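Number of protein chains: 2
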Amino acid sequence: MKRLSIPAPLRRYLPILDWAHSYNRDTLSNDLVAAVIVMIMLIPQSLAYALLAGLPPEMGLYASILPLMAYALFGSSRALAVGPVAVVSLMTAAVVGNMALQGSAEYAAAAIVLAFMSGLILLVMGLFRLGFLANFLSHPVISGFMTAAIVLIGTSQIKHLFGITSHGHELITLASSLAQNIGDINLFTLLIGSGAIGFLIWARKGMKTALMAVGIGAKLAGILAKTGPVIVVAVTTLITWGFGLTDHGVAVVGKLPSGLPPFTMPSFEVELWSNLFVAALLISVIGFVESVSVAQTLAARKRQRIYPDQELIGLGAANIASAISGGYPVTGGLSRSVVNYDSGAQTPAAGAMTAIGILFAAMFLTPLLFFLPNATLAAIIVVAVLSLLDLSMLRKTWVYSKPDFIAVVVTILVTLGWGVKIGVTTGVLLSIALHLYKTSRPHVAEVGRVPGTEHFRNILRHGVETTPTILTVRIDESLYFANARYLEDYILNRVVGDDALRHVVLMCSAVNAIGMSALESFEAIMHRLESLGIKLHMSEVKGPVMDRLKRSDFMQALTGQVFLSQYQAIETLQAD
Amino acid sequence: MKRLSIPAPLRRYLPILDWAHSYNRDTLSNDLVAAVIVMIMLIPQSLAYALLAGLPPEMGLYASILPLMAYALFGSSRALAVGPVAVVSLMTAAVVGNMALQGSAEYAAAAIVLAFMSGLILLVMGLFRLGFLANFLSHPVISGFMTAAIVLIGTSQIKHLFGITSHGHELITLASSLAQNIGDINLFTLLIGSGAIGFLIWARKGMKTALMAVGIGAKLAGILAKTGPVIVVAVTTLITWGFGLTDHGVAVVGKLPSGLPPFTMPSFEVELWSNLFVAALLISVIGFVESVSVAQTLAARKRQRIYPDQELIGLGAANIASAISGGYPVTGGLSRSVVNYDSGAQTPAAGAMTAIGILFAAMFLTPLLFFLPNATLAAIIVVAVLSLLDLSMLRKTWVYSKPDFIAVVVTILVTLGWGVKIGVTTGVLLSIALHLYKTSRPHVAEVGRVPGTEHFRNILRHGVETTPTILTVRIDESLYFANARYLEDYILNRVVGDDALRHVVLMCSAVNAIGMSALESFEAIMHRLESLGIKLHMSEVKGPVMDRLKRSDFMQALTGQVFLSQYQAIETLQAD
Numbered sequence: 051m052k053r054l055s056i057p058a059p060l061r062r063y064l065p066i067l068d069w070a071h072s073y074n075r076d077t078l079s080n081d082l083v084a085a086v087i088v089m090i091m092l093i094p095q096s097l098a099y100a101l102l103a104g105l106p107p108e109m110g111l112y113a114s115i116l117p118l119m120a121y122a123l124f125g126s127s128r129a130l131a132v133g134p135v136a137v138v139s140l141m142t143a144a145v146v147g148n149m150a151l152q153g154s155a156e157y158a159a160a161a162i163v164l165a166f167m168s169g170l171i172l173l174v175m176g177l178f179r180l181g182f183l184a185n186f187l188s189h190p191v192i193s194g195f196m197t198a199a200i201v202l203i204g205t206s207q208i209k210h211l212f213g214i215t216s217h218g219h220e221l222i223t224l225a226s227s228l229a230q231n232i233g234d235i236n237l238f239t240l241l242i243g244s245g246a247i248g249f250l251i252w253a254r255k256g257m258k259t260a261l262m263a264v265g266i267g268a269k270l271a272g273i274l275a276k277t278g279p280v281i282v283v284a285v286t287t288l289i290t291w292g293f294g295l296t297d298h299g300v301a302v303v304g305k306l307p308s309g310l311p312p313f314t315m316p317s318f319e320v321e322l323w324s325n326l327f328v329a330a331l332l333i334s335v336i337g338f339v340e341s342v343s344v345a346q347t348l349a350a351r352k353r354q355r356i357y358p359d360q361e362l363i364g365l366g367a368a369n370i371a372s373a374i375s376g377g378y379p380v381t382g383g384l385s386r387s388v389v390n391y392d393s394g395a396q397t398p399a400a401g402a403m404t405a406i407g408i409l410f411a412a413m414f415l416t417p418l419l420f421f422l423p424n425a426t427l428a429a430i431i432v433v434a435v436l437s438l439l440d441l442s443m444l445r446k447t448w449v450y451s452k453p454d455f456i457a458v459v460v461t462i463l464v465t466l467g468w469g470v471k472i473g474v475t476t477g478v479l480l481s482i483a484l485h486l487y488k489t490s491r492p493h494v495a496e497v498g499r500v501p502g503t504e505h506f507r508n509i510l511r512h513g514v515e516t517t518p519t520i521l522t523v524r525i526d527e528s529l530y531f532a533n534a535r536y537l538e539d540y541i542l543n544r545v546v547g548d549d550a551l552r553h554v555v556l557m558c559s560a561v562n563a564i565g566m567s568a569l570e571s572f573e574a575i576m577h578r579l580e581s582l583g584i585k586l587h588m589s590e591v592k593g594p595v596m597d598r599l600k601r602s603d604f605m606q607a608l609t610g611q612v613f614l615s616q617y618q619a620i621e622t623l624q625a626d
Numbered sequence: 051m052k053r054l055s056i057p058a059p060l061r062r063y064l065p066i067l068d069w070a071h072s073y074n075r076d077t078l079s080n081d082l083v084a085a086v087i088v089m090i091m092l093i094p095q096s097l098a099y100a101l102l103a104g105l106p107p108e109m110g111l112y113a114s115i116l117p118l119m120a121y122a123l124f125g126s127s128r129a130l131a132v133g134p135v136a137v138v139s140l141m142t143a144a145v146v147g148n149m150a151l152q153g154s155a156e157y158a159a160a161a162i163v164l165a166f167m168s169g170l171i172l173l174v175m176g177l178f179r180l181g182f183l184a185n186f187l188s189h190p191v192i193s194g195f196m197t198a199a200i201v202l203i204g205t206s207q208i209k210h211l212f213g214i215t216s217h218g219h220e221l222i223t224l225a226s227s228l229a230q231n232i233g234d235i236n237l238f239t240l241l242i243g244s245g246a247i248g249f250l251i252w253a254r255k256g257m258k259t260a261l262m263a264v265g266i267g268a269k270l271a272g273i274l275a276k277t278g279p280v281i282v283v284a285v286t287t288l289i290t291w292g293f294g295l296t297d298h299g300v301a302v303v304g305k306l307p308s309g310l311p312p313f314t315m316p317s318f319e320v321e322l323w324s325n326l327f328v329a330a331l332l333i334s335v336i337g338f339v340e341s342v343s344v345a346q347t348l349a350a351r352k353r354q355r356i357y358p359d360q361e362l363i364g365l366g367a368a369n370i371a372s373a374i375s376g377g378y379p380v381t382g383g384l385s386r387s388v389v390n391y392d393s394g395a396q397t398p399a400a401g402a403m404t405a406i407g408i409l410f411a412a413m414f415l416t417p418l419l420f421f422l423p424n425a426t427l428a429a430i431i432v433v434a435v436l437s438l439l440d441l442s443m444l445r446k447t448w449v450y451s452k453p454d455f456i457a458v459v460v461t462i463l464v465t466l467g468w469g470v471k472i473g474v475t476t477g478v479l480l481s482i483a484l485h486l487y488k489t490s491r492p493h494v495a496e497v498g499r500v501p502g503t504e505h506f507r508n509i510l511r512h513g514v515e516t517t518p519t520i521l522t523v524r525i526d527e528s529l530y531f532a533n534a535r536y537l538e539d540y541i542l543n544r545v546v547g548d549d550a551l552r553h554v555v556l557m558c559s560a561v562n563a564i565g566m567s568a569l570e571s572f573e574a575i576m577h578r579l580e581s582l583g584i585k586l587h588m589s590e591v592k593g594p595v596m597d598r599l600k601r602s603d604f605m606q607a608l609t610g611q612v613f614l615s616q617y618q619a620i621e622t623l624q625a626d
């Protein structure tokens, strides 16, 4: 057993050791096919997302080389395809765009620092197992944020599709600057852009069927349908070159540097770092959440495991690799990971092979991209993000939970109106506040006995028996500081004026925890009841809660008793 | 029935209507006795607390006149005695001291604005029923804050007791400035201060017994023992005057204005208001929490009710009254409320009578206070706050709950090191963070059947029966965004590699709520299990949780069934 000779800690941090020893010709050929398909998909995507981020197109290619190799070494998913993605590119543009002029050297430098900081944050979270922090991005907040981000991304690309200029990263600024410049519209650009959008939509919806209709096998047709972006890049580039459309105002990618990704040293300016910190944290967490969700979905299909803390390390390494090779923040992409999986990728080696392919592209193919119109890249972005648009969360939360609905709507509106950073932050704080508010008013019910049984139910909902000397209150929530005094008020208000009362029983069957503040409230309730000549009892206290209560002084001071069951409590106290 | 003719909303906001109609000679004489005793106690206290707040002594008197009358109209407690208190005075000093030079007109003006804002905040909280916000000040945080505040108050009075100067509102600044000036110590001041402290401690501990030993009745002895501060004020004032100690460097109160409280218009400067807002909020909430707790304790003894939202209105009115009559922030005081209650106060009219007494003092007695040494007032403060010192929370939380212990210790240290404002804020945020952290890792147990019964218990703790095709997981926490993915990871990690598994049952007996994020996690779990050929079931879902689930798409999509009891689930699935 060769595997056992590798020390466990090393295997934990280097998942490659888990699969490298069993790598063979079969795995290789599978990985190779997947790598080629993903590469064909990734080249236009990486150029397009760099445009979205406001960066030179070659930075998109650079972000698709070394990061993929780093993830292959440290990542725990066998199918995740890492690289530039739409939402992270938008966030990069929004954050860096507020600090430096697009196209300037400072702009690119800030994007590189963002990738480096994001990598460090992810690494630290992974090493200290802080992945649970990502849980505070609730599904409604993520969904609201993604919806708004897609709208912002779409709107930001209109300038490229129309050949006009616009600025800003919030909906109102963007829309009003577009409206001002709408007269400058370039007809050739518009034709290329709308043609590309039309073709790409068809490639997604109808190309596979059409290819199968002309006799191509289903599998090959499926793979060919993924080449839509490459076809549209080739065709529009040829048209623009052939008809000399650059002379008619069609903006193109232009001259790109050829060669290996440059080794870059991120800036270590304190002011820059402190300005970028919150953004880097949000980019890290959002990228991580999206990426882990994709990785887990794909892994579950093959009964493989994803280790979220190891994913943090994998993505952290990928971002640091991106920063030192002239790239910008990366994470796992949904569509390309699905393609990677569907094309038969067996191990992370497929990612490394994709990286080698893109390295060749960066070294030799960039001259071919001179006449690639920006409108084509914008079309690729728009079609890619529109396919991610999912408004179902609005309907779901409206039906299921109004507070969650509020969280979605507020996140969408704030993101649209004030940008992605304030949008996410507001969403997270609002969902925490709504959660605390909900649990601060626990459901408390006065219960009575269902006649002839040992069951106890809410006196307001069921016809039940009660005894005038006994008040039983069931608490349907764990007790902590935010709801402790609510219970105190509830009980004191209930007992005042009820002169027959001699016993109050707290039925704790649904209480999973009693915090220190709640314990203090119990003592306050007990002392106040005592001064009214009423005893306080408890029933159906859970094991772990009881273990903890026994460590406090409360149990000695308790004026009444603790009953295993509510039935036993009533039987004993009625006889009293 | 005269009472019924008063409209309910009016009675809600004017508790005076509840008791005024039944006011008679008996109530009057009881209230009068209590009022005189509280007045005797309050005069030295109000001077001392004004000194603690860094304000001219007459502002303490002003804060003890109109506010008491306002509370008598709007407050819901029959025994609460409102006025300047130690902790609020310390907070006033800390906040205002950072903005203006002590003794300046701006300093007093800022304190008046603080009272006005605090009054508005309390009123708004009362009218919108936001009293629950106070619940976020957990018992451990309050206790930690009070402990640190007492240490700070004690340290801040050393300068008066030693006759030296010091500055700052944090322990280190205070202590180091004291250490620098320790050489300037004034022997006469020190003698007066330490003598006063000694006498006051004896008055609390031994005076009642001593008076009873010389034949005075227990009740009268108890009342006389409360006059300790007045005796010490009279004696030290006479000594200072008689021996001309002001010529020997003993600092005295000096000339106070005589007359009615001045009508003051608070400043409405925007900058001042925005600077004071957080402090005003904290003072309001802390004052409210302390005051309500005292009021409820006293009300419970007579089976009377306290309405927290009405208390907010009562305290709000009192603070606004304080602001417009030259006072500073006030709230209900513990010791004087207990004295008021013990002396037989029947209605809030006692407070109004106390106010009239203090009004006379402000008009006619101030010349007598010229030679009152500051050291005497400092001694009154020190003895009063030391009696409030209670370190038991440190021990209790250490035994009962380590996170709460951390909250207490951090609140103490931050309050001592960085002042009261940052201390409370840190404490509140830390307890919320600790609570979220705790609930983000819910207790989840794999359960099996106790042989021969219908009970299901943790497989790690009990000898139970399980079936290889069925995994039952009991979740001991309500599910929301912070713990939804934890459950997802737990289940997916558990099922990977277990090829025999066909059914997963989520036992929800302890789940009081399932938020939208948790529902999304359930769907993710279900889809991933489905791709492994495993069905997802639920058992023992609570009524309100089920009602809500039925509104979602999840129930239609559920691959398995919902069972009323876990026993039924096992019986059905084993037969499958």
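As you go down the protein sequences, you meet chains A and B in turn. Here the working numbering is used: the first residue of the first sequence is 51, the next is one more, and so on. Here the working numbering is used: the first residue of the second sequence is 51, the next is one more, and so on. Glycine is no exception: its CB is placed at the ideal position from the N, C-alpha and C atoms. Note that this is a predicted model, so its numbers are computed, not measured.
Between residue i and chain B, is any beta-carbon pair separated by less than 8 Å?
{"i": "A:M605", "result": "no"}
{"i": "A:I214", "result": "no"}
{"i": "A:R360", "result": "Position check: residue 360 of chain A holds Gln in this sequence, whereas Arg was assumed. By this cut-off, A:Q360 is not an interface position."}
{"i": "A:V546", "result": "yes"}
{"i": "A:R524", "result": "no"}
{"i": "A:A627", "result": "With chain A covering only 51 through 626, there is no way to say anything about residue 627 of chain A."}
{"i": "A:Q495", "result": "For clarity, residue 495 of chain A is Ala in the given sequence; the question names Gln instead. Answer no: the Cβ-Cβ gap between A:A495 and chain B never drops below 8 Å."}
{"i": "A:Y378", "result": "no"}
Against chain A, with Cβ distances strictly below 8 Å, would residue i count as a contact?
{"i": "B:K446", "result": "yes"}
{"i": "B:A129", "result": "no"}
{"i": "B:A390", "result": "Residue identity check: residue 390 of chain B is Asn in the sequence provided, not Ala. So, not an interface residue."}
{"i": "B:Y530", "result": "yes"}
{"i": "B:L54", "result": "With a pLDDT of 49 at B:L54, under the threshold of 50, the predicted position of this residue should be treated as unreliable, though the coordinate-derived value follows. B:L54 does not count as touching chain A."}
Determine whether the beta carbon atoms of residue i and residue j lie at a separation below 8 Å.
{"i": "B:V132", "j": "B:A368", "result": "yes"}
{"i": "A:R353", "j": "B:V546", "result": "yes"}
{"i": "A:S393", "j": "A:A84", "result": "yes"}
{"i": "B:L116", "j": "B:S372", "result": "yes"}
{"i": "A:G477", "j": "A:G181", "result": "no"}
{"i": "B:V300", "j": "B:P106", "result": "no"}
Does the beta-carbon of residue i, which I'm using as the reference point, lie nearer than 7 Å to any heavy atom of the ligand FAD?
{"i": "A:F421", "result": "The ligand FAD is not part of this structure, which contains no ligands at all."}
Based on the DSSP secondary-structure assignment, which residues constitute the bridge partners of residue i?
{"i": "B:K488", "result": "DSSP, once it has assigned bridges, lists no residue as partnering B:K488."}
{"i": "B:Y495", "result": "Before going further, note that residue 495 of chain B is Ala rather than Tyr in the sequence given. DSSP, once it has assigned bridges, lists B:R524 as partnering B:A495."}
- Inside the region 369-423 of chain B only - beta strand (DSSP E) runs reaching at least 3 residues: Segments of the beta strand (DSSP E) lying fully in the region 369-423 of chain B: there are none.
- Task: Taking a Cβ distance cut-off of 7 Å, strictly less, list which residues of the region 190-218 of chain A are near chain B, in chain order.
- Result: P190
- Interface residues of the region 590-602 of chain B facing chain A [CB-CB below 8 Å]: K592, P594, R598, R601 and S602
- Give the residues from the region 559-570 of chain A that approach chain B closer than 7 Å (Cβ to any Cβ), ordered along the chain. Look at the region 559-570 of chain A: the residues with a C-beta under 7 Å from a C-beta of chain B are A560, N562, G565, M566, S567, L569 and E570.
- Unbroken alpha helix (DSSP H) runs of length 4 or more, entirely within the region 197-237 of chain A: which are they? Annotation: the region 197-237 of chain A contains the following complete segments of the alpha helix (DSSP H) (minimum length 4 residues), in chain order: 221-231.
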